Amino acid sequence: MYDNNPYGNDPYHNHNPYNSNNGQNPNLRQNPAHISGDRLALAAMVLGILALASFLSMTIYPPFIFGSIAIVLALLSKGRAPRMTTKARAGILCAAIGLAANCALCSTTFYMLYTKPEIMQQVNDIFESQYGMSYTEMIESILNDGTTSVP
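Taking our numbering, the leading residue of the sequence shown gets 697, the next gets one more, and so forth.
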């Protein structure tokens, strides 16, 4: 039956020079058992730290992306276990702090932009120098026409 095997991986005979288990247990080469979800928990922790670090660098989108993926991976890493691993908890904690702080930063920015006229004037001046029309004009044309006519 195994005489015509071109690969020479007959688990029942010890004539294979690459088989080091001497026929005692053909399943010895399997990967060792890891804690279930340990790699997902590690990925969640790394992404949670990235969410926190990207918030500290004052970027807007990466904390939302990294934080949400980190929370999902941490929850998936639990599997059927009764408790989460320490790495998964650290990932959720860092991701939640990064997401909450980023939401607070974005809402504070919009609040300051629309309640302080001097800040809105600075934004309008910057937009007009870069795009040829003010921020207010651009928003009004988008809301009215659905298009902008930026040169």
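Each residue gets a CB set at the ideal place from its N, CA and C atoms; glycine is no exception. Being a predicted model, the structure only gives us computed values, none of them experimental.
Check whether residue i and residue j have beta carbons under 8 Å apart
i	j	result
Pro-758	Ser-764	no
Ala-737	Ala-791	no
Ser-773	Thr-782	no
Gly-733	Gly-787	no
Asn-798	Phe-760	yes
Ala-800	Ala-784	no
Met-834	Tyr-827	yes
Euclidean distance between Cα positions of residue i and residue j
i	j	result
Leu-809	Ala-777	47 Å
Met-741	Cys-802	24 Å
Val-768	Ala-796	16 Å
Gln-818	Ile-756	20 Å
Arg-779	Gly-794	23 Å
Glu-814	Thr-832	13 Å
Close-in-space but distant-in-sequence residues of the same chain around residue i (CB under 6 Å, 5 per side omitted)
i	result
Ser-830	Asn-820, Phe-823, Glu-824
Thr-805	none
Three-way DSSP call (helix, strand, coil) for residue i in this model
i	result
Gly-863	Residue 863 cannot be examined here, being either before or after the span of the chain that is shown, 697 to 847.
Pro-778	coil
Ser-830	coil
Ile-756	coil
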